[in-house]
Amino acid sequence: MYQLALLLNILILRWYNVKYGLIVFYSYQHGLMTEKILKKNSIPVEFVPTPRSITNSCSHSLKFGIEYTKVIKDILQRINIPYKGIYEVEKTYSGYEVINIL
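Okay, so the sequence shown: first residue is 1 according to full-length UniProt numbering, each after it adds one.
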């Protein structure tokens, strides 16, 4: 049941949210570790390609619902995994636009 709820949240993030949060990491391994920890805390996240308009440093980022921003920041601070930034992103017709740095 938990897996189904997580999958449903990921599908909602992918197809229905135009605005979402994006965590950009310095390395792919840091992203993998963070994904595992966030999913253990029942926070739906999804690996997505990092939009070039944000950075060229890491090819993948973690996408999440904006409503989880505070919880995710608290967890990231606690686990001490380095990351380049957390962004609020809006999907537009021509690509992606950074709305805010969180």
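Using N, Cα and C, we set each Cβ at its ideal position, and we do this for glycine too. Remember, it's a predicted structure, so these values are computed and weren't measured experimentally.
Going by beta-carbon coordinates alone, are residue i and residue j separated by less than 8 angstroms?
i, j, result
"V24", "Y83", "yes"
"I66", "I37", "no"
Give the single residue among the options whose Cα lies nearest to the Cα of residue i.
i, options, result
"P51", "K63, K40, P44 and V45", "K63"
"L7", "E35, E46 and G21", "E46"
"G85", "G21, Q3 and L4", "G21"
"E88", "L4, K39 and I54", "I54"
Ordered along the chain, which non-local residues of its own chain (more than five positions away) have a Cβ less than 7 angstroms from that of residue i?
i, result
"I43", "F64, Y68, V71 and I72"
"M33", "I81"
"I79", "I37"
Looking only at its own chain, which residues have a Cβ that is under 8 angstroms from the Cβ of residue i, when we skip the five neighbours before and after it?
i, result
"G31", "I23, F25, F47, C58, H60, S61 and L62"
"K39", "L6 and V45"
"P49", "S59, H60 and S61"
"N41", "V71 and I75"
What does the Cβ neighbour count give for residue i, buried or exposed, with the cut at 16 atoms within 10 Å?
i, result
"Y28", "exposed"
"E90", "exposed"
**OP:** At 4 residues or longer, and completely inside the stretch 28–77: list those alpha helix (DSSP H) runs for me, N to C.
**Re:** The stretch 28–77 contains these whole alpha helix (DSSP H) runs: 28–40.
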